[in-house]
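Residue numbers (our numbering): 411 to 663.
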């Protein structure tokens with residue numbers, strides 16, 4: 411069911427909420443005929459997705475500051491928010507198919523839900539549903555490495571050699587088999603990607619950096635790929651990851 415949002419509640423109900431679930435905002439007014447035409451399609455689309463997308467309504471007459479902030483020049487104006495920012499929008503009483511297209515683009519797919527579950531069975535199903543997604547292949551490879559199934563991990567990432575994380579996992583397996591960085595690399599399997607750069611990843615990258623100066627050309631390339639792959643999964647603003655990127659560049663160039 412749509413929630414009514416004002417200037418006072420917009421920050422919490424739309425901006426902050428959109429960091430957890432996508433929020434579609436309908437800027438409307440009581441006197442607007444096209445708004446009344448569009449509303450049932452928006453409400454039906456929200457109901458069909460059972461909490462995967464939230465619908466909020468802003469009366470532009472009562473909240474002119476919000477209308478100005480988001481450059482609403484005609485109504486109905488529909489804006490989709492994710493992670494606190496507008497990611498899609500349209501103006502006017504568009505056909506139902508256009509409304510469905512917007513909500514479909516925001517709602518997590520079955521593969522997204524399985525990826526979030528994170529266990530190997532779920533990830534295998536997600537990979538079968540969307541075999542071209544590198545992020546799913548990487549997650550699947552990580553859980554396989556965690557149980558020591560290196561060949562299966564390689565099989566998952568093999569089609570994605572141009573993806574940093576995928577290439578990094580393949581390089582880590584080759585390095586481990588050559589006896590390079592075995593212990594710190596093994597500790598990476600259970601660490602989640604993204605967020606704070608954990609001590610296991612810092613230790614692994616530092617260990618690989620020490621191998622770079624004396625490595626032959628092929629090993630040097632695998633070391634670079636492994637390090638870049640680990641760093642690609644970190645928050646770009648993470649200070650530890652930023653320092654390690656600088657050290658890698660200094661050794662390579």
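Note that beta-carbon positions come from the ideal geometry of N, C-alpha and C, so glycine has one too. Just so we're clear, the structure is a prediction, and the values are computed from it rather than from any experiment.
Tell me whether residue i sits in a helix, a strand or coil according to DSSP, three-state version.
| i | result |
| --- | --- |
| residue 485 | coil |
| residue 520 | helix |
| residue 466 | strand |
| residue 492 | strand |
| residue 627 | helix |
| residue 504 | coil |
| residue 498 | strand |
| residue 437 | strand |
| residue 512 | helix |
| residue 608 | coil |
| residue 478 | helix |
| residue 459 | coil |
| residue 619 | helix |
| residue 450 | helix |
| residue 649 | helix |
| residue 632 | helix |
| residue 593 | helix |
| residue 659 | helix |
Count the other CB atoms, across all protein chains shown, that sit within 10 Å of the CB of residue i; report buried if there are 16 or more and exposed otherwise.
| i | result |
| --- | --- |
| residue 587 | exposed |
| residue 413 | exposed |
| residue 632 | buried |
| residue 547 | buried |
| residue 532 | buried |
| residue 496 | exposed |
| residue 634 | buried |
| residue 591 | buried |
| residue 624 | exposed |
| residue 456 | buried |
| residue 459 | buried |
| residue 581 | buried |
| residue 486 | buried |
Please report the distance separating the alpha-carbon of residue i from that of residue j.
| i | j | result |
| --- | --- | --- |
| residue 611 | residue 640 | 7 Å |
| residue 585 | residue 574 | 16 Å |
| residue 652 | residue 530 | 31 Å |
| residue 545 | residue 520 | 14 Å |
| residue 438 | residue 517 | 23 Å |
| residue 616 | residue 461 | 44 Å |
| residue 577 | residue 564 | 10 Å |
| residue 536 | residue 542 | 10 Å |
| residue 484 | residue 475 | 15 Å |
| residue 583 | residue 659 | 23 Å |
| residue 628 | residue 661 | 16 Å |
| residue 534 | residue 550 | 7 Å |
| residue 441 | residue 572 | 54 Å |
| residue 411 | residue 423 | 14 Å |
| residue 418 | residue 494 | 16 Å |
| residue 450 | residue 539 | 32 Å |
| residue 614 | residue 648 | 16 Å |
| residue 515 | residue 656 | 37 Å |
| residue 506 | residue 482 | 21 Å |
| residue 637 | residue 525 | 24 Å |
| residue 477 | residue 608 | 43 Å |
| residue 619 | residue 642 | 16 Å |
| residue 595 | residue 512 | 42 Å |
| residue 415 | residue 454 | 19 Å |
Would you check whether the ligand MN has a heavy atom nearer than 7 Å to the C-beta of residue i?
| i | result |
| --- | --- |
| residue 485 | This structure lacks the ligand MN; in fact it carries no ligand of any kind. |
Taking only beta-carbon atoms, is residue i less than 8 Å away from chain B?
| i | result |
| --- | --- |
| residue 630 | The question asks about chain B, but that chain is absent: this structure has only one protein chain. |
So, does the region 460 to 467 touch the region 426 to 439, judging by three or more C-beta pairs under 8 Å?
yes
So does the region 429 to 442 actually touch the region 490 to 505, counting three or more Cβ pairs closer than 8 Å?
yes
What ranges does the beta strand (DSSP E) occupy inside the region 411 to 435, keeping only unbroken runs of at least 3 residues that lie completely in it?
none
Any chance you could list the beta strand (DSSP E) runs of at least 3 consecutive residues sitting entirely within the region 515 to 591, in chain order?
none
Is there contact here, the region 493 to 501 with the region 443 to 455, by at least three beta-carbon pairs under 8 Å?
no
Pairing CB atoms from the region 469 to 479 with CB atoms from the region 548 to 564, are three or more of them under 8 Å?
no
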